[in-house]
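Enquirer: Pasting a structure below so you can have a look.
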Amino acid sequence: MNRSRPTTLEDVARAAGVSRATVSFALTGTGRLSDETRERVRRIAAELDYAVNIGARNLRRAKAGAIGIYLPESTNGLAYYMNFLFGVVEVAAASSLSVTIVPGGRARDAGRAHVDGFILIDPPDDDDSVRSILASRMPVVSGEIAPAGADRPWGTVYSDHASGMRAILDHLLERGARRPALLAPPTTTAWAREVRASYLDWCAEQAIQPLLEDSTRRATPDDVRRTTTGLLTASATPDAIISAPDGSAVGAVSAARALGLSVGDDVLVTAYADSLAMEMCDPPVTAIDLHARDFGVRCAALLLQALGDPGPAAEEVQEAFTIDLRARASTLGRGAAPAAV
């Protein structure tokens, strides 16, 4: 056989002594073949370095063979969204699907994406891309609650962020904090509204004056450092800082240390979104583990379910997702062992 050219389906069929259709059935997991035949054809295809032409296969099926992922604006490089993306890609790759990323704020690109379905993550109220995707006729799964007033997705995977914030606040209360401050994200997403409302409700229940500072989705450690410095030098000084923007709590730690405060003792610091940066910080920072990669896996699995459904869901499919508090030295004090709460 001439190996200077790519191996074809015909080459595999000839080597296996079967028809082209049998090879196709064996490699795609379709058709009625015995396990022995399927495995033998796959083994021969592997020996011949045959690669399935996914593009041609999907063209014959009149499908794109791809799923789209909407990422909100200004989330490029943020640990939570990258880990979420890895989870989606893991599921897509196992199903021989490619992944197309559509950045937020580009409604035209969202409408033109050649995909079979879409996954939204943290869809904000003020992005026309989100409404364009939801209004399309393709299956859509939303990671967190989609905007009110927009078309509903086929399904939603959501976390209980109100309980997540309450877990942080109860933990801080147990550690002696009585004046926790929240660096709050914009209220353009459902999860951000839950976090803010939960904080305000908890403060009201405890008869504590809320110390709430507005932040941005993409607040940097430097932004948080300046805000925290202002809080810790004000007359109503907080004894705990909750930093909601992804990865920004290191700025709060830096500000406290620059003022000569011991993080974990003089002032407690927590992050809302856990990441490797929170674990590696000095001291390690207490945070909510949002299990971003697993969240991506769940969203992708639900979209595959939607793609396999012949018609629209009778009603929106909703799946709850579990998040956990990871208590570390930034609230437990120096020398304390980390713990899941």
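Position one of the sequence shown corresponds to residue 1 (full-length UniProt numbering), numbered consecutively onward. Beta carbons are placed, not taken as given, at the ideal position from N, Cα and C, and that holds for glycine.
Got a sec? Which residues, its chain only, sit under 8 Å from V88 by beta carbon, not counting five neighbours each side?
Expert: For the purposes of this step, residue 88 is identified with residue 88 of the sequence shown, where counting begins at 1. So the qualifying residues of the chain are I67, I69, V99, I119, G296, V297, C299 and A300.
Enquirer: Within 10 angstroms of the Cβ of E10, are there 16 or more other Cβ atoms? Answer buried if so, exposed if not.
Expert: Taking the first residue of the sequence shown as 1, we reach residue 10 at position 10. By the neighbour-count rule (16 or more Cβ atoms within 10 Å), E10 is not buried but exposed.
Enquirer: Alpha carbon to alpha carbon, how far is R328 from R179?
Expert: Within the sequence shown, the letter at position 328 stands for residue 328. Within the sequence shown, the letter at position 179 stands for residue 179. R328 and R179: Cα-Cα distance of roughly 19 Å.
Enquirer: What are the boundary residues of the alpha helix (DSSP H) that includes P103?
Expert: Position 103 of the sequence shown, counted from the first residue, corresponds to residue 103. Not the alpha helix (DSSP H): P103 falls in the beta strand (DSSP E), residues S98 to P103.
Enquirer: Name, in chain order, the residues that DSSP records as bridge partners for D214.
Expert: Taking the sequence shown and counting its residues from 1, the one referred to as residue 214 is at position 214. A184.
Enquirer: For G164, collect the residues of the same chain with a Cβ closer than 6 Å to its Cβ; drop the 5 residues on either side in sequence, then sort them by chain order.
Expert: For the purposes of this step, residue 164 is taken as residue 164 along the sequence shown, with counting starting at 1. The residues are I288 and I323.
Enquirer: Starting from L268, trace the beta strand (DSSP E) in both directions and tell me its first and last residue.
Expert: Numbered from 1 along the sequence shown, position 268 holds the residue referred to as residue 268. Where L268 is concerned, the enclosing beta strand (DSSP E) stretches over L268 to A271.
Enquirer: Give the range of the alpha helix (DSSP H) segment to which L231 is assigned.
Expert: For the purposes of this step, residue 231 is taken as residue 231 along the sequence shown, with counting starting at 1. Start and end: P221 to L232.
Enquirer: Would you kindly work out how many angstroms separate the C-alpha atoms of F86 and A207, rounded to a whole number?
Expert: Your numbering for residue 86 matches position 86 in the sequence shown. Your numbering for residue 207 matches position 207 in the sequence shown. The straight-line gap from Cα to Cα measures roughly 42 Å.
Enquirer: At 4 residues or longer, what runs of the alpha helix (DSSP H) sit wholly inside the region 158 to 206?
Expert: List check, alpha helix (DSSP H) in window: 161 to 174 and 190 to 205.
Enquirer: What's the gap between the Cα of M82 and the Cα of G17?
Expert: What you label residue 82 is simply residue 82 of the sequence shown in a count that begins at 1. What you label residue 17 is simply residue 17 of the sequence shown in a count that begins at 1. Approximately 46 Å, taken between the alpha carbons.
Enquirer: Can you tell me where the alpha helix (DSSP H) with Q305 in it begins and where it stops?
Expert: By 1-based counting over the sequence shown, the position of residue 305 is 305. Segment A292 to L307, the alpha helix (DSSP H) holding Q305.
Enquirer: For E319, which residues in the same chain have their Cβ closer than 8 Å to its Cβ, ignoring the five residues on either side in sequence?
Expert: If you number the sequence shown from 1, residue 319 lands on position 319. Correct list, in chain order: G155, T156, V157, Y158, R298 and L302.
Enquirer: Please classify M280 as buried or exposed, where buried requires at least 16 other C-beta atoms within 10 Å of its C-beta.
Expert: Here the question's residue 280 lines up with position 280 in the sequence shown. With fewer than 16 Cβ atoms within 10 Å of its Cβ, M280 is classed as exposed.
Enquirer: Under three-state DSSP, which class holds L48?
Expert: By one-based count along the sequence shown, residue 48 stands at place 48. Coil, per DSSP.
Enquirer: Are N224 and A258 touching if we call contact CB-CB under 8 Å?
Expert: For the purposes of this step, residue 224 is taken as the residue at position 224 of the sequence shown. For the purposes of this step, residue 258 is taken as the residue at position 258 of the sequence shown. First, the residue type needs correcting, since residue 224 is Val and not Asn in the sequence shown. Contact flag unset, no.
Enquirer: Does the count of Cβ pairs from the region 241 to 250 and the region 263 to 280 closer than 8 Å reach three?
Expert: Enough Cβ pairs lie closer than 8 Å, so yes.
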